[in-house]
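Engineer:
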Amino acid sequence: MTRDVHVSAIADAVKKLCMEANVSLEPDVLRAFDRALTTERSPAGRQVLQILKDNAELARTKRIPYCQDTGMVVCFVELGQDVHVTGGGLEAAINEGIRQGYKEGYLRASIVKSPFDRVNTGDNTPGVVHVDVTPGAALKIMIMAKGGGCENRSRYTMLTPAAGLPGVKDFVIECVKTAGPDACPPLILGVGIGGTFEKAAILSKKALFRELGSPNPDPMVDALEKELLDKANRLGIGPQGYGGDTTSLGIHILTYPCHITSLPVAVTIECHAHRHKEVTL
Amino acid sequence: MSVTAGSDGIKDITTPLTDADVQSLKAGDRVRISGVIYTARDAAHGRLLPLIEKGEKLPIDVKGAIIYYTGPTPPQPGQVIGAIGPTTASRMDKFTPALLKLGLKGTMGKGYRGQPVKDALREYRGVYFGAIGGAGAVLSRHIKTAEFVAYEDLGTEAIRRLEVEAFPAIVINDCHGGDLYQDGQKQYARE
Ligand code: SF4
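Going line by line, the protein sequences match chains A and B.
Per this note's numbering, the first sequence starts with residue 3, numbered consecutively.
Per this note's numbering, the second sequence starts with residue 844, numbered consecutively.
Put into structure tokens, the structure is as follows:
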């Protein structure tokens, strides 16, 4: 049995997600601020965390964007193989939703048409769309408004298998150090390990959609995440880089099998403006 | 003197700034900025540089001024401005020493500055302020008026004149070589 979903429903859903994500942080991020406030030793750091909480509250109640960089929309779609999209193309519908949402929400247009001539497209389109085809008839759309300042500190490396786990750890911590204050700490890290060059990068984005503070389902990887988080928070960078204990709010890892010769590691740097929302149609 | 110490330990700054004002500021000082400041980021700096190189007049008087690196969101009806937090300052490093040489006193953004900028802060007596990255909604409350002064075609990247009131910031790099990022991290790092 296939199920029809019209493109207008998809555009409408994406529009709402974009508008909501930019003014209303999800509870997982707000809870992470509260947790950090209980452990942060630095007065300047605590003050920053408190302002971020105030900022979230003001953004939600007055519908002012949480951050002026309202991001590039990164969209992960889980498209049930029994879903039949009608009335047009899926990606076009997503971009239509972005266009409408960024206009109606008074959100910033931050996308340039060509990486060379750098002329603004004026409506924040296009987004970056990843589609997974899944069993069933559900259509799940997850969006993230991905800030540029933190994205620009994301990194990739191809380690040798001999470099192993210690090499992975060193690289991730190195990424936190180089991101430093530029990426608006406290940071959230998405880490993709394994697969190929592009697979690792996509995993590093996808990892960010897991609920912040929730355990990784794989106990070994969960322990690794906690170890890395502790290491990152010992660097002393702190909120906004003013010095402190809260350099990162969470490190999420996704892994994938890889070639006998490879150990790809990708790290997406996300900031505290972790604007993510999802809906199932 | 346009820098005064508030009873809460926060320094009140009124623009424009003099050399003496700048010299009184130290890395780690929390400040509240009031008066006029200008916005400019990548594209606007890209247009200012050729003018400086040719010795032509700039669309803003940078003497004693503060430039805020930001690209706000559009205002909703009835608002002065949308969200207005800082952008990454190092992308402007290439342009900053030339502006400081012309008398610019302050820049405000987020993130590390390169050594040539830090050297120029010493040589020409300038200060680099950090605003809280990502606190766009809270910071918008401190903007009283906003108007375009140049390059309106650049949209969010245009140069705007802002009147600000008690805009909260912190001194990251002072003109004495002080660096809050280095000091803060050293103080809280745990091996
Ligand atoms: S890094 Fe994040 S919080 Fe900072 S300016 Fe960019 S989107 Fe906003």
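Even glycine gets a Cβ: it sits at the ideal position worked out from N, Cα and C.
Being a predicted model, the structure only gives us computed values, none of them experimental.
Using the beta carbon as the reference atom, which residues fall closer than 5 Å to any heavy atom of ligand 1, ordered along the chain?
Structural biologist: Output, sorted by chain position: A:69, A:71, A:149, A:151, A:152, A:186, A:273, A:275, B:976 and B:977.
Engineer: Can you give the beta carbon distance from residue 252 of chain A to residue 214 of chain A, rounded, assuming they're within the 8 Å contact cut?
Structural biologist: Your numbering for residue 252 of chain A matches position 250 in the first sequence. Your numbering for residue 214 of chain A matches position 212 in the first sequence. Residue 252 of chain A to residue 214 of chain A, Cβ: 5 Å. Contact.
Engineer: Could you name each continuous beta strand (DSSP E) segment of 3 residues or more that falls completely within the stretch 236-271 of chain A, going from the start of the chain to the end?
Structural biologist: DSSP runs (the beta strand (DSSP E)) wholly in the stretch 236-271 of chain A: 250-260.
Engineer: Return no unless some Cβ of chain A is closer than 8 Å to the Cβ of residue 903 of chain B.
Structural biologist: Start at 1 with the first residue of the second sequence, and residue 903 of chain B comes out as number 60. For residue 903 of chain B, the answer is no, since every Cβ of chain A falls outside 8 Å of its Cβ.
Engineer: Under 8 Å, do residue 871 of chain B and residue 242 of chain A count as touching if we go by C-beta distance?
Structural biologist: For the purposes of this step, residue 871 of chain B is identified with residue 28 of the second sequence, where counting begins at 1. For the purposes of this step, residue 242 of chain A is identified with residue 240 of the first sequence, where counting begins at 1. Cβ atoms of residue 871 of chain B and residue 242 of chain A: not closer than 8 Å.
Engineer: Any chance the stretch 29-39 of chain A sits against the stretch 70-81 of chain A, with 3 or more Cβ pairs inside 8 Å?
Structural biologist: Touching, no.
Engineer: Output the boundary residues of the alpha helix (DSSP H) element that contains residue 176 of chain A.
Structural biologist: Against the first sequence, residue 176 of chain A aligns to sequence position 174. Counting along the chain, the alpha helix (DSSP H) containing residue 176 of chain A begins and ends at 166-181.
Engineer: If the criterion is Cβ atoms closer than 8 Å, does the pair residue 193 of chain A and residue 234 of chain A meet it?
Structural biologist: Residue 193 of chain A sits at position 191 when you count from the first residue of the first sequence. Residue 234 of chain A sits at position 232 when you count from the first residue of the first sequence. No.
Engineer: Could you tell me the boundaries of the beta strand (DSSP E) in which residue 1011 of chain B lies?
Structural biologist: Taking the second sequence and counting its residues from 1, one reaches residue 1011 of chain B at position 168. First-last of the beta strand (DSSP E) with residue 1011 of chain B: 1002-1016.
Engineer: Taking one C-beta from the stretch 94-114 of chain A and one from the stretch 902-912 of chain B each time, how about it: are there three or more such pairs within less than 8 Å?
Structural biologist: Touching, no.
Engineer: Inspect the beta-carbon positions of residue 70 of chain A and residue 927 of chain B and report whether they are closer than 8 Å.
Structural biologist: Indexing the first sequence from 1 puts residue 70 of chain A at position 68. Indexing the second sequence from 1 puts residue 927 of chain B at position 84. Yes; because the gap between Cβ atoms is below 8 Å, this pair is in contact.
Engineer: For chain B, is any of its Cβ atoms less than 8 Å away from the one on residue 44 of chain A?
Structural biologist: The count along the first sequence starts at 1 and reaches residue 44 of chain A at position 42. Yes, its Cβ sits closer than 8 Å to a Cβ of chain B.
Engineer: Looking at chain B, which residues of the stretch 110-138 of chain A have a Cβ within less than 9 Å of any of its Cβ atoms?
Structural biologist: Listed by position, the residues of the stretch 110-138 of chain A near chain B (Cβ gap below 9 Å) are 110, 111, 112, 120, 122 and 124.
Engineer: At 9 Å on the CB atoms, spell out the chain B contacts of residue 50 of chain A, in chain order.
Structural biologist: Mapped onto the first sequence, residue 50 of chain A falls at position 48. Within chain B, the residues near residue 50 of chain A are 975 and 978.
Engineer: Is residue 185 of chain A close to ligand 2? I mean its beta-carbon at under 7 Å from any heavy atom of the ligand.
Structural biologist: As presented, the structure is devoid of ligand 2, carrying ligand 1 as its sole ligands.
Engineer: Measure from the C-beta of residue 260 of chain A to each C-beta in chain B and report whether the shortest distance is under 8 Å.
Structural biologist: In the first sequence, counting from the first residue as 1, residue 260 of chain A sits at position 258. No, residue 260 of chain A does not count as interfacial toward chain B.
Engineer: Applying a beta-carbon distance threshold of less than 8 Å, which residues of chain B neighbour residue 73 of chain A?
Structural biologist: For the purposes of this step, residue 73 of chain A is identified with residue 71 of the first sequence, where counting begins at 1. Simply none; closest approach about 11 Å.
Engineer: Take the Cβ of residue 278 of chain A as the centre, count every other Cβ of all protein chains shown within 10 Å, and call the residue buried at 16 or more, exposed below.
Structural biologist: What you label residue 278 of chain A is simply residue 276 of the first sequence in a count that begins at 1. Counting Cβ neighbours within 10 Å, residue 278 of chain A comes out buried, since at least 16 surround it.
Engineer: I'd like to know whether the C-beta atoms of residue 212 of chain A and residue 181 of chain A end up nearer to each other than 8 Å.
Structural biologist: Against the first sequence, residue 212 of chain A aligns to sequence position 210. Against the first sequence, residue 181 of chain A aligns to sequence position 179. Going by C-beta atoms, residue 212 of chain A is not nearer than 8 Å to residue 181 of chain A.
Engineer: Since residue 263 of chain A and residue 163 of chain A should fall inside the 8 Å C-beta cutoff, what is the C-beta to C-beta distance between them, to a whole number of angstroms?
Structural biologist: Locating residue 263 of chain A in the first sequence gives position 261, counting from the first residue. Locating residue 163 of chain A in the first sequence gives position 161, counting from the first residue. That pair is a contact at about 7 Å.
Engineer: Does the beta carbon of residue 56 of chain A sit closer than 8 Å to a beta carbon anywhere in chain B?
Structural biologist: What you label residue 56 of chain A is simply residue 54 of the first sequence in a count that begins at 1. So, interface residue.
Engineer: Note down, in chain order, all residues in the stretch 995-1015 of chain B with a beta-carbon under 7 Å from any beta-carbon belonging to chain A.
Structural biologist: For the stretch 995-1015 of chain B, which is checked against every Cβ of chain A, the residues closer than 7 Å are 998, 999 and 1013.
Engineer: Within this structure, are the beta carbons of residue 874 of chain B and residue 968 of chain B separated by less than 8 Å?
Structural biologist: Reading the second sequence from its first residue, position 31 is the one you call residue 874 of chain B. Reading the second sequence from its first residue, position 125 is the one you call residue 968 of chain B. Not in contact: residue 874 of chain B and residue 968 of chain B (Cβ atoms no closer than 8 Å).
Engineer: Can you find the residues in the same chain that come closer than 8 Å, C-beta to C-beta, to residue 1022 of chain B, ignoring five residues on each side of it along the sequence?
Structural biologist: Here residue 1022 of chain B is taken as the residue at index 179 of the second sequence, counted from 1. Once the five neighbours on either side are set aside, the close Cβ partners of residue 1022 of chain B are 870, 961, 1015 and 1016.
Engineer: When you check each C-beta in the stretch 154-178 of chain A against every C-beta of chain B, which residues fall closer than 8 Å?
Structural biologist: So the list reads 154, given in the order they occur along the chain.
Engineer: What separation, rounded to the nearest whole angstrom, lies between the Cα atoms of residue 86 of chain A and residue 144 of chain A?
Structural biologist: Sequence index remark: in the first sequence, residue 86 of chain A carries index 84 (1-based). Sequence index remark: in the first sequence, residue 144 of chain A carries index 142 (1-based). Using only the alpha carbons, I get a separation of about 19 Å.
Engineer: So residue 935 of chain B and residue 884 of chain B are supposed to be a Cβ contact under 8 Å. How far apart are they, rounded?
Structural biologist: Position 92 of the second sequence holds residue 935 of chain B. Position 41 of the second sequence holds residue 884 of chain B. Sure, about 7 Å apart at Cβ, within 8 Å.
Engineer: Mind listing, in chain order, the continuous alpha helix (DSSP H) runs of no fewer than 4 residues lying wholly within the stretch 959-995 of chain B?
Structural biologist: List check, alpha helix (DSSP H) in window: 979-983.
Engineer: Going by Cα to Cα distance, which pick from B:910, B:941 and B:919 is closest to residue 881 of chain B?
Structural biologist: By one-based count along the second sequence, residue 881 of chain B stands at place 38. Per the Cα distances, B:910.
Engineer: Apart from the five residues just before and just after residue 946 of chain B, which ones in its own chain have a Cβ nearer than 7 Å to its Cβ?
Structural biologist: Counting from 1 along the second sequence, the entry for residue 946 of chain B is found at position 103. The answer, listed in chain order, is 905, 906 and 907.
Engineer: Using the C-alpha atoms, what's the distance from residue 83 of chain A back to residue 954 of chain B?
Structural biologist: Locating residue 954 of chain B in the second sequence gives position 111, where the first residue counts as 1. Locating residue 83 of chain A in the first sequence gives position 81, where the first residue counts as 1. Those two C-alpha atoms are separated by around 45 Å.
Engineer: Do we get a CB-CB distance below 8 Å when we pair residue 86 of chain A with the residues of chain B?
Structural biologist: The residue given as residue 86 of chain A occupies position 84 in the first sequence. No, its Cβ sits nowhere closer than 8 Å to a Cβ of chain B.
Engineer: Quick one: is residue 931 of chain B near chain A, going by C-beta distance under 8 Å?
Structural biologist: As a first step, residue 931 of chain B must be located in the second sequence, where it is residue number 88. It does: the Cβ of residue 931 of chain B has a partner Cβ on chain A nearer than 8 Å.
Engineer: Since I believe residue 58 of chain A is in contact with residue 32 of chain A (beta carbons under 8 Å), could you give me their beta-carbon distance rounded to a whole number of angstroms?
Structural biologist: The sequence position of residue 32 of chain A within the first sequence is 30, counting from 1. The sequence position of residue 58 of chain A within the first sequence is 56, counting from 1. At roughly 6 Å, the Cβ-Cβ gap stays under 8 Å, so residue 32 of chain A and residue 58 of chain A are in contact.
Engineer: Contact criterion: CB-CB distance below 8 Å. Does residue 852 of chain B meet it with respect to chain A?
Structural biologist: Residue numbering aside, residue 852 of chain B sits at position 9 when the second sequence is read from its first letter. Closer than 8 Å: no.
Engineer: For residue 265 of chain A, collect the residues of the same chain with a Cβ closer than 6 Å to its Cβ; drop the 5 residues on either side in sequence, then sort them by chain order.
Structural biologist: By 1-based counting over the first sequence, the position of residue 265 of chain A is 263. 161 and 163, listed in sequence order.
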